[in-house]
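So the number in the numbering used here is just where the residue sits in the sequence shown, counting from 1, plus 1388.
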Amino acid sequence: MKLATLTSAIVLTAATAAFAEGLDANEDGMVTIEETVAMYPDVTPEAFSTADTNDDGVLDADELAAAQEAGLIPNET
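So this is what it looks like as structure tokens:
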């Protein structure tokens, strides 16, 4: 359980860093498919849709962290 908590904290930190590093280009706290593909051209619409667990068309920090942990979106630029 502690390992899972630590892993989640590390991934969330990476997701927060991704927002800070320009993934969230318009700095609205959400990441669109266009912003994602601009930074990670290999991310498919299907992968983005899978990551968008609440189906609102954007990724928040939690969805981004989960997507990165699942390997749907890269952790590095």
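Glycine residues also receive a C-beta, built at the ideal position from the N, C-alpha and C atoms.
Check, Outcome
"Residues near TYR1428 by beta carbon distance below 7 Å, same chain, minus five either side", "ILE1461, PRO1462"
"Any non-hydrogen atom of the ligand SAM within 8 Å of PHE1436 CB", "With respect to the ligand SAM, the structure shown offers nothing to examine, as it has no ligands at all."
"Pair within 9 Å by beta-carbon distance, THR1438 and ALA1413", "no"
"Cβ-based neighbour list, PHE1436, same chain, cut-off 7 Å, excluding 5 preceding and 5 following", "ILE1421, THR1424"
"Selected residue, minimal CA-CA separation from LEU1411, among LEU1447, ASP1443, THR1441, ASP1440", "LEU1447"
"Outcome for GLU1451 when other beta-carbon atoms lying within 10 angstroms are tallied against a minimum of 16", "buried"
"Backbone CA spacing between ALA1408 and ALA1426 [nearest angstrom]", "Here ALA1408 scores only 44 on pLDDT, less than 50, and its place in the model should not be relied on; the value that follows carries that caveat. Spanning the two alpha carbons is a distance of roughly 15 Å."
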